[in-house]
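So the structure is just underneath, and the comments pick up after that.
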Amino acid sequence: MSRQYETVIGLEVHVELATQTKIFCGCSTKFGGAPNTHTCPVCTGMPGSLPVLNKQVVEYAMAVGLATNCTITKNCKFDRKNYFYPDNPQNYQISQLYYPICRNGGIEIDVNGNKKVIGIHEIHMEEDAGKLIHDEWEDCSLVDFNRSGVPLIEIVSEPDMRSADEVIAYLDKLRLIIQYLGASDCKLQEGSMRADVNLSVREVGAQEFGTRTEMKNLNSFKAIARAIEGERRRQIELIEEGKKVIQETRRWDDNKEYSYAMRSKEDAQDYRYFPEPDLVPIIISDEWIERVRKAQPELRDEKRLRYKEEFDIPEYDADILTSSKHMADLFEETVAICKKPKEVSNWLMVEAMRLLKETEKEPEDMDFAPENLAKLIELVGDSKINRTVAKEVFELIFKEDIDPEEYVKEKGLMMVNDDGQLRSVIEAVIEANPQSVSDYKNGKEKALGFLVGQTMKEMKGKANPGKINEILRELL
Amino acid sequence: MSILRLTAVELGKKIKDKEISVREACEAVIKQIEAEEKELNCYVTVLDKEAILKKADEIQAKIDSGELTGPLAGVPFAVKDNMCTKNVLTTCSSKILGNFVPTYDAQAVINLEAAGAIVIGKTNMDEFAMGSTTETSAYGVTKNPWNIEHVPGGSSGGSAAAVASGECIAALGSDTGGSIRQPSSFCGVTGLKPTYGTISRYGLIAYGSSLDQIGPIAKDVTDCATILEAIASYDPKDSTSVKRDSYDFTSELTGDVKGMKIGIPRDYLSEGLDSEVKEAVLGAAKALEEKGAIVEEFDLSLVEYAIPAYYIIASAEASSNLARFDGVKYGYRTKEYEGLHNMYKKSRSEGFGPEVKRRIMLGSFVLSSGYYDAYYMKALRTKALIKKAFDKAFEKYDVILSPAAPTTAPKLGNSLSDPIKMYLGDIYTISVNLAGLPGISVPCGSDSKKLPIGVQFISNCFDEKSILNAALAYEKTRDITYSDVLVKGDK
Amino acid sequence: MAHIIDDETIEYVGILAKLELSGEEKEQAKKDMENMLNYIDMLNELDTDGVEPMINIFPVNNVFREDVVTNGDDRDDMLANAPAKKDGQYMVPKTVE
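Protein chains in written order, with my numbering: chain X, 1 to 476; chain W, 1 to 491; chain C, 1 to 97.
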């Protein structure tokens, strides 16, 4: 019988913080500027320039630490991590090794009902690197320092995870906590959340950990799951063949579903950390910690509970609605306008989720105004449009953020609630479909549906189906 | 009296009193540069004459309109070439920055210019301030104006020689382990290294960030105090800048030392100290005693450990600070290379001189995996002990008096072959940087070769007042005329 | 004990420091480093047990900036000294194979 292996996984998660400015200078962190337009002497490593710490970075890091049950380091410092690379303008990264801002935390995950706490070893603050673009034409690389100096926190977990499912659950939980804190939008695809996977395998029952590798370049939950499976297989194969796993950094290629060693003679991986002499220590008082704790917004678990209690929303729905901070915000803002939580929940749960899937988008990408969804709900509630029309209109709100009132008016989609007109159309329909009429009278309920459909067709969809039903039943 | 013989404050006053115009002051200095620079090589860059004179007229107009009233308005200054100057070449005397033209000014330069001083050029130095002779410059050695066969000291050798030769009226230098005080001593001028954090380091190209401090080099103590007052400021751009209670360094400048307690570290007067230097320094102590100061010898302790601790800390920081010079963003890039890492290595190996490479190698080694605790942490612990030894001394003394250097200026070409011997020359200055203290070097005579000797005064952090007063009191006893200082005279 | 710096160590430090030394320089560097390390060993005479390493000299703490954008677009200034540039970016040798 072949041996049984256990996978041991720890994560290093980098999160870009949602500050207005970079960690050590007053340059904007906005995405999408032309290359090097958000740069200054500090974030391009000009001689003589000096860093000055952005206070908001410390507060976001503290908030994340508190929300993940960490101890805040009262006397924390920055260190320099020395390595040469063109995206790193000073050829050292200002980071934290010896006194990271948060330590010894953990969060609870739930995988199919099995609850487990994943330890957080530490959270530290650091600066992001610039961007390298490879220019095929000139056969060179081009450096853009717009991202250089954007604040990051790195959340280092304990090696407490044993499967890809646990990893995904941990990442999801972390993402939600940070999103709810407003500390980052945590988008994996855009790189505002990045995870490096440290993985080793050992025989079930073994006490010692195996040799681990670190995998980088994982930019979706799916890639992470595949990389874990791929690396687990690779390491087991090595062990079964009697070979050794080498401790190294590997780059995951999600297209080829294989990881490659990032070894190079010029990469000594000896970072020569030492205390950053250009910055002074950060002393964090109990009062400061309390202030950050008090300013903490409602987190997901609290929100989920409140939705159930305050809005009488079923647990499953509350789960989905709060699965993205953005979706929860949309929900609450819309409810605040139209006061119909169930209706709002329904639209988001059914139509919005369907459209997200169809368009392969994340909940964070929904960018329509809550006012427009509220107006749509009003139109339906006031029986001004029917469900079918409403679904069409919602799709347009979702995609183009249209104003439903104007749209419905312009396209003449208002329902006809004029009994007289409807009555004469229904009479004509009854006359034209004697077979269906007699079927209905013989107890075939289905036939009524056909007659409603015919009436609706005559009305070009603008009739209230409830009303049609009512009049039909009366006339028959 | 000739313009070049005036101190900065004297010249500033004459300009204000309309006895001398700013243009005349600048022209006199430019003329002196034209006459002496070929021999002395104090500068890496002298600004264009027309540009200087245009600036002189602008400053004159501001003085005339009453917009500029400070004591340094219109005074021609030199600035060490490791301070960034907007649109003016800034090389750190290195080939690797041979074409670097900053787009920003160092804060100290901004402050100096705001006081109305006119920057006329960038002075030569040891490459990246690493050296004690100005011989490691990529742009030729600077010669000591007192005897051109000798070095001017370093690393601010160009600034000190320029002041001594009248190639400027006063200058800015920087001091990481003695780089203001030692060349001042070798060139017979006065140089002040303020308390760490007093002058913004923004725009000063870093060597050892935890030790670097800008300061004035000038003809006398009053000049040093006045320049310090002009360039010191709390700078939000420099996180290590210290918000001081007062930036007034001149109003309490009395030169009164009655009752002042002055200690001379006995451990400084032993092995390695030249006997003529010792005699001159003890002479200075005696002069102060006669003025009413209480002078005694004491054991400072730990003196010999300052140099190894310094070289670990400074080299480690330098290895990281100088990593940014890589041929990517600015400065020298090698002509031919194969791939990224070869480009890095060739650009840096061709761009840096031997002393800089030596310190980068040492710094990289002491920080490398497995050695950090044994070297770097050990050095930081030693630094703590040295600081404590000074704290203890300042419980008892207001000022510590010592030589600025163990010898007078050595001959050109004699120092670089034995680095450790050269490093030992910094024995009296280095511990001051480790402890962040202020120190000033004042001329106190000369040796039999007619080379100047300097005496150093050290005080506790933030107590520049005490050393300025002690130095001024001593200076008054010497009755120096600036024919003593201005060795080259005006031709 | 006297330090011996071998070729491998010099090679390794060269990789860390991104310096490429010629044969002659390498020999000199070995000697220089050995001398310096032997000299530095003097610190071992000093008992520093229990001494807190001193990083910052003064108890200055918590120097912060507010999170407000203060810099505009200074791209031309930043690129003014670049040895090679293209389309507003710094040009470097290819970083991928």
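Quick reminder that beta carbons are idealized off the backbone N, C-alpha and C, glycines included.
Annotation: the stretch 249-299 of chain X contains the following complete segments of the alpha helix (DSSP H) (minimum length 4 residues), in chain order: 286-294.
Residue pairing by DSSP leaves G131 of chain W without any beta bridge partner.
With a cutoff of 9 Å on beta-carbon distance, P89 of chain X and K329 of chain W are scored as near each other. With a minimum length of 4 residues, the unbroken runs of alpha helix (DSSP H) contained wholly in the stretch 298-349 of chain X fall at 300-311, 315-321, 325-338 and 341-346. With a threshold of 16 other beta carbon atoms within 10 Å, F31 of chain X falls short and is exposed. Look at the stretch 255-293 of chain W and you find these whole runs of alpha helix (DSSP H), each 4 residues long or longer: 275-290. For H341 of chain W, at least one C-beta of chain X is nearer than 9 Å to its own C-beta. Under a 10 Å Cβ-count criterion, S200 of chain X is classified as buried, with 16 or more other Cβ atoms of the shown protein chains found around its own Cβ.
Going by beta carbons, T222 of chain W and L412 of chain W fall outside the 9 Å limit.
By the criterion of a C-beta distance shorter than 6 Å, G363 of chain W is surrounded in its chain by S315, A316, A318 and S319, once the five residues flanking it on both sides are discounted. Contact between the stretch 159-168 of chain W and the stretch 416-433 of chain W is absent: fewer than 3 CB-CB pairs across the two stretches fall below 8 Å. Below the 8 Å Cβ cutoff, chain C contributes K18 as neighbours of Y344 of chain W, in chain order.
Annotated three-state conformation of Q32 of chain W is helix, per DSSP. Here A404 of chain W is actually not in contact with T382 of chain W; their C-beta atoms are around 23 Å apart, not less than 8 Å.
Looking at the DSSP output, R65 of chain C shares a beta bridge with X:N54. Burial is judged here by how many other beta carbons sit within 10 angstroms of a residue's own beta carbon; K18 of chain W has fewer than 16 and is exposed. Within the stretch 265-280 of chain X, E266, D270, R272, F274, P277, D278, L279 and V280 place their CB atoms closer than 7 Å to a CB of chain W, listed in sequence order. For the stretch 15-88 of chain W, the full-length alpha helix (DSSP H) segments reaching 4 residues or more read 22-40 and 49-64 along the chain.
Taking the Cα positions, Y397 of chain W is about 25 Å away from P216 of chain W. At a cut-off of 9 Å between beta carbons, V201 of chain X makes no contact with chain C.
Where F24 of chain X is concerned, there is no enclosing beta strand (DSSP E), because DSSP gives it neither an H nor an E. Separation of I178 of chain X and N386 of chain X (C-alpha to C-alpha, rounded to the nearest whole angstrom) is 40 Å. No Cβ-Cβ contact shorter than 9 Å links R147 of chain X with D135 of chain X. DSSP places Q213 of chain W inside the beta strand (DSSP E), whose first and last residues are Q213 to A218. R162 of chain X is positioned such that its CB atom lies closer than 9 Å to that of E6 of chain X. G454 of chain W and I440 of chain W have their C-alpha atoms some 9 Å from each other. The continuous stretches of alpha helix (DSSP H) do not include D87 of chain C, and DSSP gives it neither H nor E. Look at L192 of chain W here: in three-state DSSP terms it is strand. Annotated as distal: Y332 of chain W and G353 of chain W, with beta-carbon spacing of 9 Å or more. Between the stretch 71-84 of chain W and the stretch 107-123 of chain W there are three or more inter-stretch CB-CB distances shorter than 8 Å, so the stretches are counted as touching. Closest in C-alpha terms to Y180 of chain X, from the list X:P465, X:D329 and X:Q269, comes X:D329.
The DSSP-derived three-state label of N81 of chain C is coil. Taking 8 Å as the cut-off between beta carbons, the residues of the stretch 12-40 of chain C near chain X are Y12, I15, L16 and K18, in sequence order. Our two residues, L422 of chain X and S345 of chain X, have alpha carbons roughly 32 Å apart in a direct line.
Assigned with DSSP and collapsed to three states, L253 of chain W falls in coil, not helix or strand. In the structure shown, the three-state DSSP call for D403 of chain X is coil.
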